[in-house]
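See structure below.
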Amino acid sequence: SDRYGNTGLFPELFFFDCHACHKPMSAARWQERASLGLGPGVVRFNDASLIMLRIAAGAVDSELAGTIATRGRALHRASQKSARAWREAAASLSVAVDEALGVFAGHEFGPATMRSILDGLVREGLRGEYVDYVAAEQTTMAISTIVEAMSVEGLLSDAEYAGYEQVVNDLYSAVEKDEQYRPGVHLDALRRVDSGGS
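So that you can map any letter, position 88 of the sequence shown is 88 in our numbering, and since no number is skipped, the others follow by simple counting.
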């Protein structure tokens, strides 16, 4: 659309992850994310929602999750080429997103799926996917939602829920202020989710 920036150094900046670049100069914490295929100093798309989609898909259809991962990576790489390249990559990714919506609509999100999503959220964090604020924030909200849903469904004892509740509070504490995001605190809390909230 002509409403969006199509000229100059970058396509429309709205699509990019502000927090990937905008952090204190003293916070020299760049870390590679294997899912991106991009090096340091590269402006990258805000893909927090895409990470969540990939994790949810992984709990339902691993092949579809792989397709989403591959096309998401292609989108990131295309963003370094041209507006045409990233639009084509986005269109390809959109097909996989639509497929995921159809798969989700026909799937029963029962106890095994909820636990698989929770495990996936933790696993991605432990492998370094949440080094930037937006993905960590999305993950925190997702874990909180899954834990609440599991509690409502009677899948957690009172003691288990209390353990998870403290971990979720610590996750929220780590992302409370975007300018002061503490990846180490977030990662420590994720490790405790991995051990059942203990």
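Idealized CB from N, CA, C, for every residue including glycine.
Own chain partners of Tyr161 with C-beta closer than 7 Å, once the 5 adjacent residues on each side are dropped: Within the sequence shown, the letter at position 161 stands for residue 161. Excluding sequence positions up to five before and after Tyr161, its CB lies within less than 7 Å of the CB of Ser151, all in the same chain and listed in chain order.
Phe109 - DSSP class collapsed to helix/strand/coil: Numbered from 1 along the sequence shown, position 109 holds the residue referred to as residue 109. Residue state, collapsed to three classes: coil.
Distance between Gly58 and Ala96 (C-alpha atoms, nearest Å): Stepping through the sequence shown from its first residue, residue 96 is reached at position 96. Stepping through the sequence shown from its first residue, residue 58 is reached at position 58. Here the alpha carbon of Ala96 sits roughly 13 Å from the alpha carbon of Gly58.
Rounded C-alpha distance that separates Val132 from Ala90: Indexing the sequence shown from 1 puts residue 132 at position 132. Indexing the sequence shown from 1 puts residue 90 at position 90. The sequence given here places Asp at residue 132; Val does not occur at that position. Between Asp132 and Ala90, the C-alpha separation is close to 22 Å.
Rounded C-alpha distance that separates Ser82 from Thr67: Taking the first residue of the sequence shown as position 1, residue 82 is located at position 82. Taking the first residue of the sequence shown as position 1, residue 67 is located at position 67. Annotation: Ser82 to Thr67 spans about 22 Å, alpha carbon to alpha carbon.
Between the CA atoms of Leu126 and Arg191 - distance to the nearest angstrom: Within the sequence shown, residue 191 is the residue found at index 191, counting from 1. Within the sequence shown, residue 126 is the residue found at index 126, counting from 1. Spanning the two alpha carbons is a distance of roughly 7 Å.
Among Glu179, Val193, Met141, Leu64, the one whose alpha carbon lies nearest that of Gly163: Start at 1 with the first residue of the sequence shown, and residue 163 comes out as number 163. Ranking the options by Cα distance to Gly163, first place goes to Val193.
Cβ neighbours of Ser157 in the same chain (closer than 6 Å, five flanking residues each side left out): Numbered from its first residue, the sequence shown carries residue 157 at position 157. Excluding sequence neighbours, Ser157 sits near nothing in its chain.
Contacting residues, own chain, Cβ-Cβ under 7 Å from Ala189 (five flanking each side not counted): As a first step, residue 189 is located in the sequence shown; it is residue number 189 there, counting from the start. So the list reads Val167, Asp170, Leu171, Ala174, once near-sequence residues are dropped.
Beta-carbon proximity check, Ala56 vs Ile117, cutoff 8 Å: Position 56 of the sequence shown holds residue 56. Position 117 of the sequence shown holds residue 117. Note that the C-beta distance between Ala56 and Ile117 is below 8 Å.
Residue range of the alpha helix (DSSP H) that includes Leu50: Here residue 50 corresponds to residue number 50 of the sequence shown, with the count starting at 1. Following the DSSP letters along the chain, one finds Leu50 inside the alpha helix (DSSP H) bounded by residues 48 to 60.
Residue closest to Pro183, alpha-carbon to alpha-carbon, out of Gly72, Asp61, Glu129: What you label residue 183 is simply residue 183 of the sequence shown in a count that begins at 1. Comparing Cα positions, the closest option is Glu129.
Outcome for Ala112 when other beta-carbon atoms lying within 10 angstroms are tallied against a minimum of 16: Indexing the sequence shown from 1 puts residue 112 at position 112. The residue in question, Ala112, is exposed, as its Cβ has fewer than 16 Cβ neighbours within 10 Å.
Same chain only: Cβ atoms within 6 Å of Ala48, ignoring 5 sequence neighbours per side: As a working note, residue 48 is residue 48 in the sequence shown. Leaving aside the five residues that flank Ala48 on each side, the residues in its chain whose CB is nearer than 6 Å to its CB run, in chain order, Val134, Ala135, Gln138.
Beta-carbon proximity list for Leu64, same chain, < 8 Å, skipping 5 on both sides: Within the sequence shown, the letter at position 64 stands for residue 64. Hits under 8 Å: Ala57, Ala96, Glu99, Ala100, Val103.
7 Å Cβ shell around Met52 - same chain, five flanking residues per side excluded: Here the question's residue 52 lines up with position 52 in the sequence shown. Result list for Met52: Gln138, Ala142, in chain order.
Buried or exposed by the 16-neighbour rule on C-beta atoms within 10 Å, applied to Gly120: Taking the sequence shown and counting its residues from 1, one reaches residue 120 at position 120. Buried: at least 16 other Cβ atoms inside 10 Å.
Run of the alpha helix (DSSP H) containing Tyr164, from where it starts to where it stops: For the purposes of this step, residue 164 is identified with residue 164 of the sequence shown, where counting begins at 1. Where Tyr164 is concerned, the enclosing alpha helix (DSSP H) stretches over 158 to 174.
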